[in-house]
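Student: Before we start, here is the structure in question, set down as structure tokens.
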Amino acid sequence: MSSFDRILVLVKTSASGMLGVIKETFFTKLFFKIFTLTIGFSFLYFPILTLIAYSFNDNKRVMVWKGFSFRWYKELFQNEQILEAFYTSLKIASLSATFATIMGVMIGFSLTRISKIPARPFFIFLSSSPLVMPEIILGLSLLLFFISSNHIIGFPSSKGQLTVLISHITFSVAFVAVIIQSRLSSYDKNIEEAAQDLGTIPNMIFWKITAPVILPAILSGWLLAFTLSLDDLVVASFTTGPGANTLPIVVFSKVRLGLSPEVNALSAIIMLIVILAAISIYLINRSNIKK
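FYI, the numbering for the sequence shown is 58 to 348, going by the numbering used here.
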């Protein structure tokens, strides 16, 4: 065998060895990624899938499987307490999200666009402080505020849906304001200045230029405020009154007495609505990208 042939064999051997190492590294990384994703998603969704599975259990004892049935879905829609609480939660969440979005847009726009506000960093701190404030402190402070306000001016006359609504608006505004500030800070202000140079009045600049740009942020803020209100338990527990129990309060009271199959059925329906909404948003965004 000549020297050239030996070199050729050596190169082929080295290349095959390197190719094997590359393949082994690739499959190792792929396996690690799949394993990590599986563990992560299992940790997130396995409890939810278990809850949905047991919502079809025919046994009243939730964790003892008896057979497949839609019994608890039927009883859920006949449970006036849960349906009334769900309607109350939807009403409060919709109103609080709407008012919080309006106020959050005003705060976020003012703190971003008006540069001559005295003590501007202090106001930014005040607008975002509810984000890091513990809910139990926020709920207790709002309860004391409503009691003091009732003694001084007679408003509110009693705790109920109005006090829960005001409480939810209070802590939801901060989330919307932060989202709007973040969007406006990354938005090129020169576009608005160019419109002013062309003679456009400030109101038209906001509605024709700024508002369409920050519309996704406004929608995101509204959805976040709606979710926070619908999911809130701690603050609502402090500020609610007779006849104004929200869905989380009713569910928590039922769970304290033992696991209820009706709660499982309700959770499964809510999860179905969330999944359908997520799929719809994904399809809409995908179609917009294609266009």
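Note that the Cβ used here is the ideal one computed from N, Cα and C, for glycine as well.
(1) Whole angstroms are fine: how far does the CA of Thr145 sit from the CA of Ala322?
(2) With distances taken between CB atoms, is the gap from Ser184 to Val292 smaller than 8 Å?
(3) What number of angstroms, rounded off, separates the C-alpha of Ser337 from the C-alpha of Phe88?
(4) Label Ala274 either buried or exposed according to how many other C-beta atoms from any shown protein chain fall within 10 Å of its C-beta, with 16 as the threshold for buried.
(5) Identify whether Asn114 lies in helix, strand or coil by the three-state DSSP scheme.
(6) Could you tell me which whole alpha helix (DSSP H) segments of length 4 or greater appear in the region 221-273?
(7) Mind checking Trp122: buried by the 16 CB within 10 Å criterion, or exposed?
(8) With respect to the alpha helix (DSSP H) encompassing Thr155, which residues constitute its N-terminal and C-terminal limits?
(9) Hey, Val233 and Thr284 are a contact pair by Cβ (cut 8 Å); roughly how many whole angstroms apart?
(10) Roughly how many angstroms lie between the CA atoms of Met328 and Ile164, to the nearest whole one?
(11) If you drop the 5 nearest sequence neighbours on each side, which residues of the same chain put their C-beta closer than 7 Å to that of Val312?
(12) Cβ atoms of Val221 and Thr297: under 8 Å apart, would you say?
Tutor: Reading it off the structure:
(1) 19 Å
(2) The answer is no: Cβ separation not under 8 Å.
(3) 31 Å
(4) buried
(5) strand
(6) 247-254 and 259-262
(7) exposed
(8) Glu137 to Arg170
(9) Not quite, the Cβ-Cβ distance comes to about 12 Å (not below 8 Å), so this is no contact.
(10) 33 Å
(11) Val320
(12) yes
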